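The listed protein sequences correspond, in order, to chains F and Z.
Numbered according to the numbering used here, the first sequence spans residues 187 to 507.
Numbered according to the numbering used here, the second sequence spans residues 36 to 233.
C-beta atoms are modelled at their ideal positions from N, C-alpha and C, and glycine is treated no differently.
Predicted, not measured: the structure shown is a model, and the values here were computed from it.
Below is one structure, written out as structure tokens; comments come after it.
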Amino acid sequence: MSTGTTKLDVVVSDVVPVNDLVSRFHFRRRDGNLLPTFSGGAHVVVEMRDGERTRLNPYSLMGSPLDTREYTISVRRDDVGRGGSLFMHRSVKPGMEMVVSYPVNLFSLDLRAKKHLMLAGGIGITPFMAQTAQLAAEGGNFELHYTVRTASLGTYADVLRARYDRRVRLYHDDLDERIGLDRLLSTQPLGTHLYVCGPAGMINWVRDRAAALGWPPETVHFEHFAAPQPGLPFDVTLAVSGKAIRVDEQQSLLEAIEAAGVDPPYLCRGGVCGQCETNVISCDGKFIHNDHWLSEEEHRSGKKIMPCVSRFEGRSLVLER
Amino acid sequence: MAAKSIISRPVYGTLSPQPGKHHLFIADAEGALAIAEMAGRAPPRFFDDAEVVFIPGPDGKHTVALEALKPAQFHQAPSFASLLPRLRQTLANAHMGLRLYLSGTEGLIGQAMQVALEAGIDHTSIQTEHRGSLARRMQCVHCKGITENVTTQPATCAHCGLLLLVRDHYSRRIAAFQGVCINAEDRSEIPPMEEIFR
Numbered sequence: 187m188s189t190g191t192t193k194l195d196v197v198v199s200d201v202v203p204v205n206d207l208v209s210r211f212h213f214r215r216r217d218g219n220l221l222p223t224f225s226g227g228a229h230v231v232v233e234m235r236d237g238e239r240t241r242l243n244p245y246s247l248m249g250s251p252l253d254t255r256e257y258t259i260s261v262r263r264d265d266v267g268r269g270g271s272l273f274m275h276r277s278v279k280p281g282m283e284m285v286v287s288y289p290v291n292l293f294s295l296d297l298r299a300k301k302h303l304m305l306a307g308g309i310g311i312t313p314f315m316a317q318t319a320q321l322a323a324e325g326g327n328f329e330l331h332y333t334v335r336t337a338s339l340g341t342y343a344d345v346l347r348a349r350y351d352r353r354v355r356l357y358h359d360d361l362d363e364r365i366g367l368d369r370l371l372s373t374q375p376l377g378t379h380l381y382v383c384g385p386a387g388m389i390n391w392v393r394d395r396a397a398a399l400g401w402p403p404e405t406v407h408f409e410h411f412a413a414p415q416p417g418l419p420f421d422v423t424l425a426v427s428g429k430a431i432r433v434d435e436q437q438s439l440l441e442a443i444e445a446a447g448v449d450p451p452y453l454c455r456g457g458v459c460g461q462c463e464t465n466v467i468s469c470d471g472k473f474i475h476n477d478h479w480l481s482e483e484e485h486r487s488g489k490k491i492m493p494c495v496s497r498f499e500g501r502s503l504v505l506e507r
Numbered sequence: 036m037a038a039k040s041i042i043s044r045p046v047y048g049t050l051s052p053q054p055g056k057h058h059l060f061i062a063d064a065e066g067a068l069a070i071a072e073m074a075g076r077a078p079p080r081f082f083d084d085a086e087v088v089f090i091p092g093p094d095g096k097h098t099v100a101l102e103a104l105k106p107a108q109f110h111q112a113p114s115f116a117s118l119l120p121r122l123r124q125t126l127a128n129a130h131m132g133l134r135l136y137l138s139g140t141e142g143l144i145g146q147a148m149q150v151a152l153e154a155g156i157d158h159t160s161i162q163t164e165h166r167g168s169l170a171r172r173m174q175c176v177h178c179k180g181i182t183e184n185v186t187t188q189p190a191t192c193a194h195c196g197l198l199l200l201v202r203d204h205y206s207r208r209i210a211a212f213q214g215v216c217i218n219a220e221d222r223s224e225i226p227p228m229e230e231i232f233r
């Protein structure tokens, strides 16, 4: 069994549409007990049994860490993705029994900070729902800057404004409202930590500006789950277990390895935690690296791959699994 | 250069210019040379946004070399204690983008870092370079008294008089090495005292 992926048997206690794209799912323990405690920024991996297929997708817990009667996640429908979010939106109904992992936090607050500056884009708001609840409960100093496409797609913008008033600042893309990033970053008191969750472009932009303006890397936290990208099917030999497998178009390499009955370690399934790092024994072809874990040098070396998000195109690939 | 030891023992690097809006240097004695050497690797006009705080050593040297860098502010102090209120004030009013550079004796680096940690700067975000004396600031783990400029092993606690083994075990919070009684079983046993932290 994978590190930190002990399973929880849950039942869907509620499904609430939030707006045109986002629905919220509530889970309670089937045995009626409290769920394990978690901290703001944690995620769970949700098992989706969709006929023959099992998908395992990570979602940030967005409820208050003070309430462990239920876990809540919000899922944005992605009509061109690999189908996990569509399954959640179409097939998951109240009363359904599901399995989720124990919570894991790869985006935790640094509680030594004097102030927490949070930047969210779109559905990247979800970890901040839990983090703001955690901080508000202990009198923590935070400020949230949230960029949304339109007011109607501003998931939980109204909730956050009602809860935290002027500690939440909204920016609407359709009204051409832009965050004054350099000014914002240059006027923060010493001891501030920065947290950013949103599209890859936003994360890169914020990290670059923060670095240029003298924010030490230890003070900049970000979370970007790269959903596994579909691609051409490819064949892989697993040298340790002596298996030959095929990775389908819509399947990740990790999922294909698991489907063959091999159980590599994993935590985030989004290319950030490093758990599923796998050695390449030999290959003839090119890698399509999509992770945020390996260094550029390691990407070029052709010696390692993160099977949760990365793919391969070519004649042969032999992995140490 | 300090020898490698247990993980708790601080290790120091070489000052290097960091991206930032404001650069605060604190140095004592030969620590000034680390700043002067770093200036050779810094981009043009780097010291336009810099403040240098200097505690000269007993020889009174290096002030001219630092002034020659033309930092936006240059401040000299007779001791760390005397600059403490100013340092606290500076950090309390500072914004993200301030970078801290500490160079000189371990006592100076440790005490300045202690103030910086209280202000919310992570110790890994601070540039440090050790120059000059290896004399240690030591806390007696028994009476908690701090003895400055310890150069011998073992060393006598200036507060309670116990003979202490000066450990490499270091506290960033207290900015001191830990001293533990070396002859607790038999106080009549007096190991030879050697001057090893020079």
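With a 10 Å radius around its C-beta and 16 neighbouring C-beta atoms as the bar for buried, classify P403(F) as buried or exposed.
exposed
With DSSP run on the structure shown, which of helix, strand or coil describes Q111(Z)?
strand
Give the single residue among L198(Z), R208(Z), I231(Z) and T187(Z) whose Cα lies nearest to the Cα of I225(Z).
L198(Z)
For the putative contact between I467(F) and L505(F), defined by C-beta atoms under 8 Å, what is the C-beta separation to the nearest angstrom?
7 Å
Answer yes or no: does any C-beta atom of chain Z fall closer than 8 Å to that of G400(F)?
yes
At least 3 beta-carbon pairs within less than 8 Å: the segment 207-220 of chain Z vs the segment 169-177 of chain Z:
yes
Chain-order list of residues whose beta-carbon lies under 6 Å from that of T223(F) (same chain, five-residue window excluded)
T254
In angstroms, rounded to a whole number, what distance separates the CA positions of L480(F) and G456(F)?
13 Å
Under 7 Å Cβ to Cβ from H158(Z), same chain only, skipping five residues before and after it: list those, please.
M148, L152 and R207
Spell out whether any CB of chain F is found under 8 Å from the CB atom of D157(Z).
yes
For P54(Z), which residues in chain F fall below 8 Å Cβ to Cβ?
A397, A398, L399 and G400
Which term fits M187(F), buried or exposed, when burial requires 16 or more other beta carbons within 10 angstroms of its beta carbon?
Residue placement at M187(F) is flagged as unreliable, the pLDDT there being 42, under the threshold of 50; a coordinate-derived value is accordingly withheld.
Would you say M73(Z) faces chain F, with C-beta separation under 8 Å as the test?
no
Under 8 Å by Cβ, that's how I've got Q374(F) and L303(F) pegged, so tell me the actual separation to the nearest angstrom.
6 Å
Which residues bound the beta strand (DSSP E) around D63(Z)?
H57 to D63
In terms of DSSP beta bridges, what is C383(F) paired with?
A306(F) and E409(F)
So, is the C-beta of L50(Z) closer than 8 Å to a C-beta in chain F?
no
As a quick exercise: from L133(Z), A74(Z) and T182(Z), pick the residue whose alpha carbon is nearest that of H194(Z).
T182(Z)
Let me know if M36(Z) comes out buried or exposed under the rule of 16 or more other beta-carbons within 10 Å of its beta-carbon.
Caution applies to M36(Z), whose pLDDT of 48 falls short of 50 and renders its modelled position unreliable; the model cannot decide the point.
Would you mind stating whether V285(F) and H229(F) have Cβ atoms separated by less than 8 Å?
no
Uninterrupted beta strand (DSSP E) stretches inside the segment 340-371 of chain F (no shorter than 3 residues)
354-358
CB contact below 8 Å: L122(Z) versus chain F:
no
Does the Cβ of N390(F) have 16 or more other Cβ atoms within 10 Å, making it buried, or fewer, making it exposed?
exposed
Among K489(F), F498(F) and A386(F), the one whose alpha carbon lies nearest that of K472(F)
F498(F)
Taking C-alpha atoms, which residue in P313(F), W401(F) and R215(F) lies nearest to Q53(Z)?
W401(F)
Distance, Cα to Cα, G139(Z) vs G180(Z)?
24 Å
Report the residues of the segment 123-156 of chain Z with a CB closer than 7 Å to any CB of chain F, ordered along the chain.
L126, A129, H130, M131, G132, L133, R134, A154, G155 and I156
Should E441(F) be labelled buried (16 or more other beta-carbon atoms within 10 Å of its own) or exposed?
buried
Any beta carbon of chain F sitting closer than 8 Å to that of S43(Z)?
no
Suppose you measure from the CA of M131(Z) to the CA of A85(Z); what does that come to, to the nearest Å?
15 Å
List, from N- to C-terminal side, the alpha helix (DSSP H) runs of 4 residues or more that fit wholly inside the segment 407-454 of chain F.
439-445
Excluding the five sequence neighbours on either side, which residues of its own chain have a C-beta within less than 6 Å of the C-beta of T187(Z), listed in chain order?
M228 and E230
A163(Z) - containing alpha helix (DSSP H), residue span:
Looking at the sequence provided, one finds Thr at residue 163(Z) rather than Ala. First-last for T163(Z): Q162 to H165, but that is the beta strand (DSSP E), not the alpha helix (DSSP H).
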